[in-house]
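Undergrad: Numbering (the numbering used here), first residue to last: 50 to 477. Just so you know, even glycine gets a beta-carbon here, dropped at the ideal spot from N, CA and C.
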Ligand code: GDP
Ligand code: IMO
Ligand code: MG
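1. Rounded to the nearest angstrom, what separates residue 178 and residue 163 at their Cα positions?
2. Quick test of your reading: residue 382 and residue 338, contact by CB under 8 Å. State the CB separation rounded to the nearest angstrom.
3. Tell me whether residue 381, by its Cβ, gets closer than 7 Å to a heavy atom of the ligand GDP.
4. Between which two residues does the beta strand (DSSP E) harbouring residue 99 extend?
5. Cutting at 6 Å between CB atoms, please list the residues of its own chain near residue 130, excluding the five before and the five after it.
6. Candidates 109, 361, 89, 476: which alpha carbon is nearest residue 97's?
7. Please report the residue range of the beta strand (DSSP E) in which residue 271 lies.
8. Return the first residue and the last residue of the beta strand (DSSP E) that residue 81 is part of.
9. Tell me the rounded alpha-carbon separation between residue 74 and residue 116.
10. Taking its Cβ as the centre, do 16 or more other Cβ atoms sit within 10 Å of residue 452, making it buried, or is it exposed?
11. Does the beta carbon of residue 276 fall short of 7 Å from some heavy atom of the ligand IMO?
12. Give me the DSSP bridge partner(s) of residue 191.
13. Name the residue from 237, 255, 90 whose alpha carbon lies nearest to the alpha carbon of residue 118.
14. Taking the DSSP output, what are the residues bridged to residue 421?
15. Which same chain residues, not among the five before or five after residue 434, have their C-beta less than 8 Å away from its C-beta?
16. For the ligand MG, is there a heavy atom less than 7 Å away from the beta-carbon of residue 90?
17. Tell me whether residue 400 is buried or exposed, calling it buried when 16 or more other Cβ atoms sit within 10 Å of its Cβ.
18. Can you tell me whether residue 352 is helix, strand or coil according to DSSP?
19. Given the structure, does residue 182 come close to the ligand IMO, in the sense that its CB is under 7 Å from one of the ligand's heavy atoms?
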């Protein structure tokens, strides 16, 4: 089982960090392939809690080599502060590899992210303000700065000047902001160069060789399927491809090398930021999910919007990612409801629709069609096997599996590594 992808099946925050950490002890490499420090992955190891943003969750497993792939956008200040934060807690980060082709988030990208959101007013996306969108925009516009540029001052200066020529016009004339001094940016970036140098590598070559040698490589997605710039609820998305194909482009590994694609699926649904969300709750059930589930953003501290499980979305995630398995998380949060509504289809303009509509207008009009499943009241956090679960919890999992189109191979019953029911091994 040399290569597997682990990704979010909904709008992010499904528990990818926990799932990656769980597998981290058995894999050789954990690779981030897209996104940047917009991600917030909470990993609980024993009594220690870690919040990771840019670094792959595999960094907490001593035998595992963490890799930041070419498809990631790297804020060098965040990279260094996350590393030193972990070092202070005794985590060895020396094995980290960073692709020389990854693009850099600079202070002007975060500035543009923030002023653009302000300019959009009511139409804002609700970004994390970390400069993600503007950095990917520069990459596509071919005016981006890459990690390798840190090691050629003359090229770095030319590139920063080229990028700022246009941006400064916009900042000054449209947003009424002061122009940004290219020399100051170059100076700041060069200040990070030597500290980052030991990690910079040809990660594509290393990963392909590792797979060919039979090493186990896990690609860890940030965000989630519905936040994908191509397959998500555009324009209320992030600016990268968290879906499975993104692992190939974002790490330089061909699709024929990937054997398994695991969708991390929360037993209910959450979303941060703006955009459509058919099963969103505005009542006390929503508040209860938020409180019991601890649904508050790890990156921005914003309350997450909460709603019931949406099987239309899960089926869509199976389709666009070619999922082989699901890891169902946070089942424990649903303990205590007499009945649990599950969205099985949408009603759009009076018609029942089983598949996610491609039209954004239809999706905005989608009303959930609910089926009620019986709940359970027993504490399930100590369950170790599927049969330890109360009958109604088992039936809930089975029903979700049937509706979602791929086997549920693991179930999370708490935030800790050990609070997991493994049904089928991901690594066999
Ligand atoms: P990620 O962005 O997908 O890594 O997810 P986050 O870390 O942002 O959010 C998931 C939250 O749920 C974290 O606080 C996890 O510690 C927690 N969590 C993960 N799996 C479970 C689970 O099965 N049960 C409970 N109660 N919490 C979980
Ligand atoms: P993890 O990896 C949830 C959301 C933002 C906003 C949109 C665009 O923890 O699951 P961006 O800053 O990326 O341009 O913001 O995407 N968003 C996330 N929501 N979890 C995340 O990451 C997210 N990363 C970005 O809230 O709606
Ligand atoms: Mg998160």
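TA: This is what the structure holds:
1. A direct Cα-to-Cα measurement between residue 178 and residue 163 gives close to 6 Å.
2. About 7 Å separates the two Cβ atoms, so the contact holds.
3. Flag set: Cβ of residue 381 near the ligand GDP.
4. Counting along the chain, the beta strand (DSSP E) containing residue 99 begins and ends at 97–101.
5. None.
6. From the listed residues 109, 361, 89, 476, the smallest Cα separation to residue 97 is found for 109.
7. Where residue 271 is concerned, there is no enclosing beta strand (DSSP E), because DSSP gives it neither an H nor an E.
8. Start and end: 78–81.
9. C-alpha of residue 74 to C-alpha of residue 116: approximately 15 Å in a straight line.
10. Under this definition residue 452 is a buried residue.
11. Shortest gap from the CB of residue 276 to any heavy atom of the ligand IMO: under 7 Å.
12. According to DSSP, residue pairing for residue 191 in a beta bridge does not occur.
13. Nearest of 237, 255, 90 to residue 118, Cα basis: 255.
14. Note: residue 421 sits in a beta bridge opposite 390.
15. Once the five neighbours on either side are set aside, the close Cβ partners of residue 434 are 470.
16. The closest heavy atom of the ligand MG lies less than 7 Å from the beta carbon of residue 90.
17. By the C-beta density criterion, residue 400 is exposed, having fewer than 16 other C-beta atoms within 10 angstroms.
18. Residue 352: strand per DSSP, three-state reduction.
19. Judged by the Cβ position, residue 182 qualifies as a neighbour of the ligand IMO at the 7 Å threshold, a heavy atom of the ligand being closer than this.
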